[in-house]
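A.B. asks: I have a structure I would like to understand better, so I am pasting it below and will then ask my questions one at a time.
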Amino acid sequence: MYARSSTMLARTSSLDRGIAFLGNEVMPQMLAIEGCVGISLLVDRQTGRCVATSSWQSEEAMRASESPASPIRKRLMSAFGATGVTNDEWEVVVMHREHRSADGAYARVTYLRADPARADQSIETFKSLLPAIESSPGFCSASLLLNRETGRAASNVVFDSMSALDQTGAQAEGPEIIEVADFELALAHLRVPELV
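This is the structure we're talking about:
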């Protein structure tokens, strides 16, 4: 499984319009592209930072989607009032769900950098932490996205609510931590299978 994330800085006054546009317009168009298995959106309502992620059955499907997805992404940026976007491509190396998230869920994303030659060790380290993460009150799901070429990774842990997320503290561990960020899970339509 693979994923492409598009990180943008939206106008905070345009967030609800952008979220609606993603759910009503973008999601059906993306899911119609061969190999697309889901869409999610993380939103920081204070800063306007948004991370829209599409999931793909294979690396080939993800790469083939770039041409049809590019104009869709531009319309999404316009709906959010965003002026720039950063795109990242990942392999989904871990996906574990205790249960599906509901309205009001929040995510903690930890961006990491590790030695690409030690990618498999980083994956195993994350998997070994899953039981502790899973025991946190309000836990919904955890995933690890990895770019094997650069060594960049993003762990994403979703909780039922902001209060459940706040109780966990910044449990980030591992290689070089680039950033830890908390987001509202504004949309999650994912059919990515369990990968542990």
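For the sequence shown, the residue numbers in our numbering are 13 to 208. Where is the CB? At the ideal position from N, CA and C, for every residue including glycine. Only a predicted model underlies this, so the values are computations on that prediction, with no experimental measurement involved.
With 16 other CB atoms within 10 Å as the buried threshold, where does S70 fall?
C.D. replies: As a first step, residue 70 must be located in the sequence shown, where it is residue number 58. Exposed.
A.B. asks: Roughly how many whole angstroms lie between the Cα atoms of E185 and S134?
C.D. replies: Position 173 of the sequence shown, counted from the first residue, corresponds to residue 185. Position 122 of the sequence shown, counted from the first residue, corresponds to residue 134. Residue placement at E185 is poorly supported in this model, since its pLDDT is 49, which falls under 50; the coordinates still yield a value, given next. Taken atom to atom, the span from the alpha-carbon of E185 to that of S134 is near 11 angstroms.
A.B. asks: Find out if the Cβ-Cβ distance for the pair G163, A126 is shorter than 7 angstroms.
C.D. replies: Position 151 of the sequence shown holds residue 163. Position 114 of the sequence shown holds residue 126. A126 sits close to G163, with the two beta carbons spaced by under 7 angstroms.
A.B. asks: Looking at the secondary structure, which residues open and close the beta strand (DSSP E) in which L156 lies?
C.D. replies: By one-based count along the sequence shown, residue 156 stands at place 144. From DSSP, the beta strand (DSSP E) with L156 extends over 151-158.
A.B. asks: I need the DSSP call for T19, collapsed to helix, strand or coil.
C.D. replies: For this step, residue 19 is matched to residue 7 along the sequence shown. The answer is strand: DSSP assigns T19 an E or B state.
A.B. asks: In or out: R87 buried (at least 16 other Cβ within 10 Å) or exposed?
C.D. replies: Working through the sequence shown from its first residue, we reach residue 87 at position 75. When all chains shown are included, R87 counts as exposed.
A.B. asks: Quick check on S66: buried or exposed, where buried means 16 or more other Cβ atoms within 10 Å of its Cβ?
C.D. replies: Looking up residue 66 in the sequence shown gives position 54. S66 should be labelled buried.
A.B. asks: Shortest alpha-carbon distance to C48 belongs to which of M39, E191, R120, S155?
C.D. replies: Counting from one through the sequence shown, the residue named residue 48 turns up at place 36. Here the closest residue by C-alpha is M39.
A.B. asks: Measuring only the C-alpha atoms, how far is A94 from L21?
C.D. replies: Position 82 of the sequence shown, counted from the start, is the residue given in the question as residue 94. Position 9 of the sequence shown, counted from the start, is the residue given in the question as residue 21. Taking the straight line from one Cα to the other gives about 5 angstroms.
A.B. asks: Name the DSSP bridge partner or partners of D172?
C.D. replies: Locating residue 172 in the sequence shown gives position 160, where the first residue counts as 1. In DSSP, D172 forms no bridge with anything.
A.B. asks: Rounded to whole angstroms, what's the CA-CA distance from A166 to A198? Just pull it up for me.
C.D. replies: Taking the first residue of the sequence shown as 1, we reach residue 166 at position 154. Taking the first residue of the sequence shown as 1, we reach residue 198 at position 186. Going by the C-alpha atoms only, they are around 18 angstroms apart.
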